[in-house]
Amino acid sequence: MMGLPRGAEWIIILVIVILLFGPGRIGKIASELGRSIKSFREGLGPKDEQAEQPDVKEEDK
455 MMGLPRGAEW IIILVIVILL FGPGRIGKIA SELGRSIKSF REGLGPKDEQ
505 AEQPDVKEED K
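The sequence shown runs 455 to 515 under this note's numbering.
Rendered as structure tokens:
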């Protein structure tokens, strides 16, 4: 039955990925992925609260 990989299977997959890309390149890929996720979350997050509030002049207070 096919399912998610477990213990030893993950180790084999990790070894194959390291052999294909090398440890240096994996670090660069992970860094770029992290920046992409951060940028995506910032794009989805709420806008700056100060920008949404109207400007209140001191004369109006």
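In this text, a Cβ means the ideal position worked out from N, Cα and C, and glycines have one as well.
Just to check my reading of the structure: isoleucine 467 and proline 459 have Cβ atoms closer than 8 Å, yes? What is that Cβ distance to the nearest angstrom?
Numbered from its first residue, the sequence shown carries residue 467 at position 13. Numbered from its first residue, the sequence shown carries residue 459 at position 5. 6 Å between Cβ atoms; contact.
C-alpha gap between arginine 489 and glycine 457, whole angstroms
Residue numbering aside, residue 489 sits at position 35 when the sequence shown is read from its first letter. Residue numbering aside, residue 457 sits at position 3 when the sequence shown is read from its first letter. Whole-angstrom Cα-Cα distance: 30 Å.
>> Residues in the same chain with beta-carbon distance under 7 Å from arginine 479, minus the five sequence neighbours each way, listed in chain order, please.
In response: Walking along the sequence shown from the start, residue 479 turns up at place 25. Excluding sequence neighbours, arginine 479 sits near nothing in its chain.
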